[in-house]
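Chains as they are written, first to last, in my numbering: chain A, 739 to 936; chain B, 2 to 347. Each residue gets a CB set at the ideal place from its N, CA and C atoms; glycine is no exception. These notes are about the structure you will find just below.
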Amino acid sequence: MIEPKKEKILIINLKEGHKEAFQNLFEEYGKRIFVFARGYLKSSEEAEEVVQEVFIKIWNIRSSINTELSFKSFLFKITYNYIRELFLKKSRENSYKHEILSLTVDFDNRTEERIDYHSLLERVEKLIDELPPRQKEVIILKKKQGLPVKEIATLLDISPRTVEKHLSEALKYLKRELSEEHIAGLLFFSLFLNQKNK
Amino acid sequence: MDDLKKTIQNFFKNRYTRHEYFSVCREFEEGIENKPFLDELEKQWNEVDTGSTPGFDLKSSWNKIVGQIGTSTASKNPVRVLSLIQKIAAILFLPLLVTSLLFYFSSNNRAETEGWAEIKCPAGVRTEFQLPDGSTGFLNSKSELKYPVDFKKSRDVYLTGEAFFNVVKNKKSRFRVTTPKLKVEVLGTSFNIMAYEDQPDEEITLKTGSLKVLGEKNEQLSVLAPDQQFVLNKKQNQFTEREVNTLNYISWISGKLIIQDERFEDVVKKLSRWYNVDMEIEDQKLKDFRYYATFENEPLDQVLRLISITAPIQYQEKARVRHANGSFSKRKIQFKINESRIKDFN
Chain A
739 MIEPKKEKIL IINLKEGHKE AFQNLFEEYG KRIFVFARGY LKSSEEAEEV VQEVFIKIWN
799 IRSSINTELS FKSFLFKITY NYIRELFLKK SRENSYKHEI LSLTVDFDNR TEERIDYHSL
859 LERVEKLIDE LPPRQKEVII LKKKQGLPVK EIATLLDISP RTVEKHLSEA LKYLKRELSE
919 EHIAGLLFFS LFLNQKNK
Chain B
2 MDDLKKTIQN FFKNRYTRHE YFSVCREFEE GIENKPFLDE LEKQWNEVDT GSTPGFDLKS
62 SWNKIVGQIG TSTASKNPVR VLSLIQKIAA ILFLPLLVTS LLFYFSSNNR AETEGWAEIK
122 CPAGVRTEFQ LPDGSTGFLN SKSELKYPVD FKKSRDVYLT GEAFFNVVKN KKSRFRVTTP
182 KLKVEVLGTS FNIMAYEDQP DEEITLKTGS LKVLGEKNEQ LSVLAPDQQF VLNKKQNQFT
242 EREVNTLNYI SWISGKLIIQ DERFEDVVKK LSRWYNVDME IEDQKLKDFR YYATFENEPL
302 DQVLRLISIT APIQYQEKAR VRHANGSFSK RKIQFKINES RIKDFN
């Protein structure tokens, strides 16, 4: 941790365009941004991207930084905005996985409150990836791209019935692999449950 | 409140339920006005454990940042140095009030005309900009815009790459964009210019108002009306004009990539700029293949897959090379004709 007084001097120097002060601030806060961003984006690559974006932005707007306000808090707001943007983009891109999960896993209230959803998402991702190529192609075009069966049939040059067949086989397989006995390992311990219900 | 805290802590630690996942999504969707969530996040931000961070290399991350800001510091330096000289000069010459004032004013003028600003957009990124006269616009990936900090005398900007301009009307001062081969003069309009060095054409597309196109020797080549496009073939040094749907040419602003009857070689150049990936075409024949497509915020892998199912084209990804400094080379994609499917498309 840099002392507040020293940090203020660093920021004044940064405003003047001194790269050394900029580097000192990067060394102080870079890791914090990385860890925080990774916690929400669940990807080291994207977290590193956030670190870079935030510091490039800081450099570009350095002259308008208010030295009277907390720099740490200022940095938080910029970081938050980048994380939010990426988080929402990612959650849109991933929405098909949630849809597939809701079609294949039987979420009654008990399961919903007990299952480790993070691991479940990783599991379904892996399962989709391991599907036979045609089934994988069809399920991605249908669920991720949202294409109608007819269009998929034209694209892949197969009949709509074959598309339906691939789709139902893929879902059947996922359903089996995500059945209660297979995902029992993903249930949280009761200790965790008790904490949650308090 | 307590629930919210628990939820974000669980989410952060990768130990969350489905219910918790969707509540974090909803909190993010609400945006900046969502004060309770923001406050809770900021508390978490303050308490982040930065002890051990595998997967994060401080040094290489810093080098990448320096690489990206390098150019913008160089272009702004002259202005700052001059203003510092002015300050020193003003103090030193205080007793000789008249001369020092003269010096100050004359050097002040010089400083203003010599100050240049530069906006560079790296590959894979698009950015919005605002100019000193209030005109705004967007800069496409791998493009560069230079302009004098002082916009009072003339509004002159220099562009390589692609940009969309929305120019504020000022009857007294014309706005001029200079590209490697052309000049465009307007009073107040909106228009798109594509002038990449590695593209065979320069294209000017007018959305609203009117616009004058000048050649390298300032000779007038054309005056455009809305939805007209001026195309210069750089190799043959010949230009044509045509009526177009302007929206197709400015769709990049909103993250859409629309390709209409373009040579595959040019499509690949666009894609490689758009996604910041190296691409090459193996078969000479394939370069002249005509292609239509619209891509909207699609990840590259999806785009490649779509290309390979909608055309007799196959692609292959080359392994990344690790450089001496630990960074990796860009992704590299190679395109080939898919001979086994070519009959399906004839």
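- DSSP places B:Pro149 inside the beta strand (DSSP E), whose first and last residues are Ser144 to Pro149.
- At a beta-carbon threshold of 7 Å, the residues of chain A lying near B:Tyr22 are Tyr855, ordered along the chain.
- Burial is judged here by how many other beta carbons sit within 10 angstroms of a residue's own beta carbon; A:Glu786 has at least 16 and is buried.
- For the pair B:Thr295 and B:Val245, the CB atoms are not nearer than the 8 Å cut-off.
- Contact annotation: A:Leu893 and A:Val862 have beta-carbon atoms that are not nearer than 8 Å.
- In the DSSP assignment, B:Asn234 is bridged to B:Asp202 and B:Gln239.
- Of the candidates A:Leu865, A:Asn832, A:His904 and A:Leu885, the residue whose Cα lies closest to the Cα of A:Glu915 is A:Leu865.
- Under the Cβ criterion (8 Å, minimum of three pairs), the region 13-23 of chain B does not count as touching the region 876-896 of chain A.
- B:Ile194 has B:Ala164 and B:Ile205 as its beta-bridge partners, per DSSP.
- In the DSSP annotation of this structure, B:Phe139 is not part of any alpha helix (DSSP H); the continuous beta strand (DSSP E) holding it starts and ends at Thr137 to Leu140.
- Of all C-beta pairs linking the region 211-221 of chain B to the region 246-256 of chain B, fewer than three are shorter than 8 Å, placing the two stretches out of contact.
- Around A:Tyr767, the same chain offers Leu813 as residues with beta carbons nearer than 7 Å, after the five sequence neighbours per side are excluded.
- Comparing alpha-carbon positions, the option among A:Asn762, A:Leu909 and A:Lys795 lying closest to B:Lys60 turns out to be A:Asn762.
- Under the three-state reduction of DSSP output, B:Thr295 falls in the strand class.
- Cβ contact annotation for B:Glu28 (same chain, cutoff 7 Å, sequence separation greater than five): Asn35 and Phe38, in chain order.
- The three-state secondary structure of B:Arg16, taken from DSSP, is coil.
- Straight-line spacing of the CA atoms in A:Lys903 and A:Thr842 works out to 16 Å.
- DSSP, reduced to helix, strand and coil, places B:Gln221 within a strand of the structure shown.
- In terms of Cα proximity to A:Gly777, the closest of B:Ile33, B:Thr54, B:Gly32 and B:Glu30 is B:Thr54.
- Residues Gln45 of the same chain have their beta carbon placed closer than 8 Å to that of B:Gln10, with the five preceding and five following residues left out of the count.
- Secondary structure at A:Gln883: coil, using DSSP grouped into helix, strand and coil.
- Cβ contact annotation for A:Lys881 (same chain, cutoff 8 Å, sequence separation greater than five): Tyr834, Glu837 and Ile838, in chain order.
- Counting only the Cα atoms, B:Phe152 lies some 46 Å from B:Gly56.
- Spatial neighbours of B:Leu5 in its own chain (CB-CB distance under 6 Å, excluding positions within 5 residues in sequence) are listed in chain order as Glu41.
- Rounded to the nearest whole angstrom, the CA to CA distance from B:Tyr148 to B:Val67 is 23 Å.
- 8 Å or more divides the Cβ of B:Ser191 from the Cβ of B:Asn171.
- B:Phe23 is the residue among B:Leu160, B:Ala124, B:Phe23 and B:Glu299 whose C-alpha sits nearest the C-alpha of A:Glu851.
- For B:Ile314, the pairing in a beta bridge is given by DSSP as B:Ile338.
- Not a single C-beta of chain A is nearer than 8 Å to the C-beta of B:Tyr148.
- A direct Cα-Cα distance of roughly 14 Å separates B:Cys122 from B:Met195.
- Of the candidates A:Glu860, A:Val901 and A:Lys753, the residue whose Cα lies closest to the Cα of A:Ser802 is A:Lys753.
- Assignment of B:Leu215 by DSSP, reduced to helix, strand and coil, places it in the strand class.
- Distance from the CA atom of A:Phe774 to the CA atom of B:Cys26, rounded to whole angstroms, is 16 Å.
- Between the region 332-341 of chain B and the region 277-285 of chain B, the count of C-beta pairs closer than 8 Å reaches three or more; the two stretches touch.
- Annotated as distal: A:Leu909 and A:Ile853, with beta-carbon spacing of 8 Å or more.
- Under the Cβ criterion of 8 Å, A:Tyr820 is not counted among the residues facing chain B.
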